[in-house]
Amino acid sequence: MKEFASINDILDFAIIQEQEAVEFYTNLASRMKIEAMRIVFNEFAQEEMKHKAKIIDIKEKGIYLVSSEKISDLKISDYLVKADLGREMTYQEALVLAMNKEKAAFKLYMGLSERAPNAELKSLFLMLAQEESKHKLRFEIEYDDMVLKEN
Amino acid sequence: MLDQDIKYLKFKTYLNTYCPYCHQSFNVEKKDNKQLIFKAVFKGEETNLILSPYLDVFEAESNLNIEAGEVLDDILCPACKKSLISKETCCGECNSPVGEIIISALSRLIPFFICLKKDCEWHGLTKSDERKIKLKIPRQDMPEQDKTLRVHNHQEVPYGYTSELASLEAGRCLQCKIPKCVEGCPVNVDIPAFIKYMRENDFDGAAKKIKERNVLPAVCGRVCPQESQCEAKCILGVKDTPVAIGRLERFVADYERKMDLVKVPVIKNKNNKRIAVVGSGPGGLTVAADMALLGYSVTVFEALHELGGVLTYGIPEFRLPKSIVQFEINYLKELGVRFELNHVIGNILTIDELKQHFDAVYIGVGAGLPVFMGIEGESLGNVFSSNEYLTRMNLMKAYRFPEYDTPMPRGNKVVVVGGGNVAMDCARTAIRTGSTEVTIVYRRSRHELPARLEEVHHAEQEGIKFKLLTNPIRYIGTDYNSIKGVECNQMELGEPDSSGRRRPIPIKDSNFIIDCDLAIIAVGTGPNPIIFNTSPDLKRNKWGYIDANEETMETSMPNVYAGGDIVTGSATVILAMGAGRTAANTMHKQLSNK
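Taken in order, these protein sequences are the chains called A and B. This note's numbering numbers the first residue of the first sequence as 1 and each following residue consecutively. This note's numbering numbers the first residue of the second sequence as 152 and each following residue consecutively.
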């Protein structure tokens with residue numbers, strides 16, 4: 001697992017992660033056949049842009065808050081068959097891909113928080129993990145409402 | 152004291168009287184037109200009791216000796232031995248118990264309040280009491296096939312009301328001046344008006360009144376979720392059970408059909424405009440009928456080899472006999488609607504090509520694409536989507552193999568995933584085709600089951616097991632890739648989220664396996680993409696359903712309308728019909744420049 005020397009290192013890493021997420025969702029949007037689906041993933045890309053801006057802000061001002069809000073984990077992505085990035089994807093496949101991406105990011109930050117050398121770093125990683133779990137929950141709710149409608 | 156208007160009930164022709172509980176006849180030959188005589192058990196013996204129009208005279212026509220001043224104990228139905236008397240108040244004259252005798256006669260439950268003391272001058276019923284009394288008429292159950300017999304056949308489960316039961320139930324309607332039930336009906340059937348006809352024993356008139364707004368009454372009377380629509384709004388339901396509107400609708404439609412009373416209206420003002428309807432499900436049939444009645448020339452294109460859409464391929468015979476669907480479609484044929492079978496629009500003809508030959512096009516193709524959960528093992532042998540399973544069984548008549556060529560998917564232990572009506576249909580079909588154990592696996596609690604209560608009740612009666620708060624996470628295969636079990640998680644409902652909904656969450660380390668050799672996935676459906684492959688201009692939402700204006704059902708393509716499941720995702724027959732009606736209204740306005 002990645003080692004960090006300072007908080008700034010962590011934040012730089014997180015900024016890169018968020019930028020990758022922006023590109024991921026922009027790419028995903030371009031593979032959607034239906035305009036409404038493209039809009040959804042472009043909106044997600046814009047949200048990731050906001051997250052990136054938020055982390056840059058933390059880096060510049062040095063202030064961040066760890067919310068005590070508990071984010072539900074529906075664990076839907078735990079048992080879904082992994083989807084690969086295809087040339088053309090259905091909305092269901094895109095959701096599975098997005099859920100797994102957010103889950104991986106969440107796990108990464110949680111893993112880093114467990115290995116953090118001090119409380120300050122730990123809380124920063126937890127804050128980032130919480131952001132990712134919110135993303136995952138949003139996709140899981142969408143999947144829950146539409147794909148698993150009658151279950 | 153006595154309200155003279157009410158005191159003299161006009162019972163001139165009380166030819167038929169019935170027990171409200173077991174519906175056995177009390178009939179006694181009428182003595183004269185001012186006395187009601189009925190059989191009952193009184194003082195342990197069957198005897199004839201007489202009620203005069205004065206209500207306060209109560210005599211036994213037998214050797215029983217009722218002495219003046221004697222307080223009567225009880226009066227029982229001779230067949231079911233249930234008490235016909237409720238003693239809730241005291242007589243204002245003599246403080247003896249006042250009984251309310253409830254028997255059914257003509258089209259009403261007739262309550263008689265009497266003092267149970269012989270020779271008491273009883274002071275009876277007031278107008279406000281009359282309203283209260285109607286609340287006490289029990290909602291009438293439909294007779295149905297015995298549960299032990301019906302699991303061995305595919306015949307319809309409920310038999311429907313008899314005319315007596317229908318009249319009795321119709322008698323419960325309060326005939327509200329501002330009827331909420333009509334608001335609850337997506338096609339706005341004038342419910343109090345058709346019930347009024349029933350109360351006058353004019354069932355034909357009732358049928359015609361329904362048909363003014365609903366071209367498929369026999370279908371809707373069977374499969375509509377009335378409990379969440381018209382009946383949910385019935386004022387009787389606030390304190391008691393609502394009028395059984397759906398059962399009455401079904402009775403009236405069946406009566407009209409059986410008595411051969413269906414009259415096809417003569418269509419005047421025929422115009423030379425042509426309408427194409429894609430899909431012969433309930434929405435498409437509604438558009439077709441409405442437009443045909445308005446004088447348009449209508450052609451319905453059906454992809455399958457039989458008409459009816461989901462009514463034919465989706466809903467099993469035991470819930471909706473196909474002869475009824477056929478009968479309703481024949482009515483449309485007699486209206487002049489043309490039907491083209493085996494026409495997959497999107498392949499044979501595109502929407503643009505249809506537009507070249509027709510003035511307007513309605514797309515009502517439903518949501519026929521199976522949806523899978525996306526978990527491991529869904530491609531194993533003997534794992535079916537509900538679409539395939541029900542299509543094989545209903546449309547292709549697999550349950551009548553080898554008479555029909557379609558092999559029947561069969562398992563001894565069957566798991567059905569999902570809690571909607573489709574899941575109930577699959578489970579109940581499986582039990583009828585020889586499966587020894589059928590289990591419905593649903594990941595929420597009983598309270599959230601999306602299926603109609605009636606369907607859940609019937610499924611339980613037939614021995615279907617329910618594993619609630621249970622979620623499949625993997626299908627397990629044998630060495631030859633056929634299913635042998637489903638691994639599941641035990642679930643619990645989490646805290647309500649921002650939408651107020653409690654979502655199911657797996658309990659840690661709660662995994663267990665249910666053995667099975669057939670699994671049917673009934674978690675929902677999606678839009679079939681065929682029609683869109685050649686119509687990329689048709690705007691859709693992120694789930695692939697057509698983006699149509701809810702008020703007009705217009706799509707992004709001029710003169711192309713859409714409605715039903717292809718717009719909303721899987722919903723109900725009557726909602727599809729409501730959308731069809733809206734589309735027909737818009738089409739007519741635009742094509743006639745009104």
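Cβ atoms here follow ideal geometry from the backbone N, Cα and C, with glycine treated the same way. Bear in mind that the values here come from a model prediction, so they are computed numbers and not experimental data.
Under the three-state DSSP convention, the category residue i falls into
i      : result
V394/B : coil
A191/B : strand
Y143/A : helix
R691/B : strand
R603/B : coil
G459/B : coil
Y348/B : helix
Y312/B : coil
K548/B : coil
D648/B : coil
G435/B : helix
P248/B : strand
K33/A  : coil
D666/B : strand
Cutoff 8 Å: residue i Cβ touching any chain A Cβ
i      : result
E599/B : no
R408/B : no
R625/B : yes
G651/B : no
R579/B : no
G532/B : no
R691/B : yes
V573/B : yes
G570/B : yes
V566/B : no
G275/B : Caution applies to G275/B, whose pLDDT of 39 falls short of 50 and renders its modelled position unreliable; the value that the coordinates give is listed next. Output row for G275/B: interface = no.
Minimum Cβ-Cβ distance from residue i to chain B less than 8 Å
i      : result
Q92/A  : yes
V22/A  : no
I34/A  : yes
M37/A  : yes
E131/A : no
Bridge partner(s) assigned by DSSP for residue i
i      : result
S448/B : R425/B
K642/B : In the sequence on display, residue 642/B carries Met and not Lys. Looking at the DSSP assignment, M642/B forms a beta bridge with P657/B.
K268/B : V222/B
N622/B : N640/B
T590/B : V566/B, K616/B
E120/A : DSSP lists no partner for E120/A.
E491/B : F452/B
T676/B : P521/B
F535/B : I671/B
A321/B : Note: A321/B sits in no beta bridge, so no partner.
L500/B : I496/B
A713/B : I514/B
Listed by chain order, chain A residues near residue i by CB distance under 9 Å
i      : result
E606/B : Correct list: empty, because the minimum Cβ distance to chain A is about 12 Å.
Beta-carbon neighbours of residue i, restricted to chain B and to distances below 7 Å
i      : result
K149/A : V674, G675
M146/A : W694
L80/A  : G525, I526
Per-residue contacts from residue i into chain A (C-beta, under 7 Å)
i      : result
P657/B : K75
G517/B : Going along chain A, no residue has its Cβ under 7 Å from G517/B, so there is no contact; the nearest lies around 15 Å.
V374/B : Result: empty, since nearest Cβ-Cβ is about 16 Å, beyond 7 Å.
V522/B : V147
Residues that residue i contacts on chain B, provided the C-beta gap is smaller than 8 Å
i      : result
S72/A  : G645, E646, D648, R654, I656
M127/A : Ordered by position in chain B, no residue passes the 8 Å Cβ test against M127/A, which lies about 21 Å from the chain.
8 Å Cβ cut-off: residues of chain A touching residue i
i      : result
R594/B : L148, N151
V724/B : Neighbours of V724/B on chain A: none; closest Cβ ~16 Å, over 8 Å.
Presumed contact (8 Å Cβ cut-off) between residue i and residue j, rounded CB distance
i      : j      : result
V488/B : A454/B : About 17 Å separates the two Cβ atoms, so there is no contact after all.
G460/B : G372/B : Contact flag wrong, Cβ pair sits at about 18 Å.
F106/A : S68/A  : Actually they do not touch by this definition, with Cβ atoms about 18 Å apart.
M708/B : A730/B : Contact doesn't hold; Cβ gap of about 17 Å is too wide.
A727/B : G528/B : Not confirmed; about 34 Å, so no contact.
G569/B : A673/B : 4 Å
P560/B : F535/B : 6 Å
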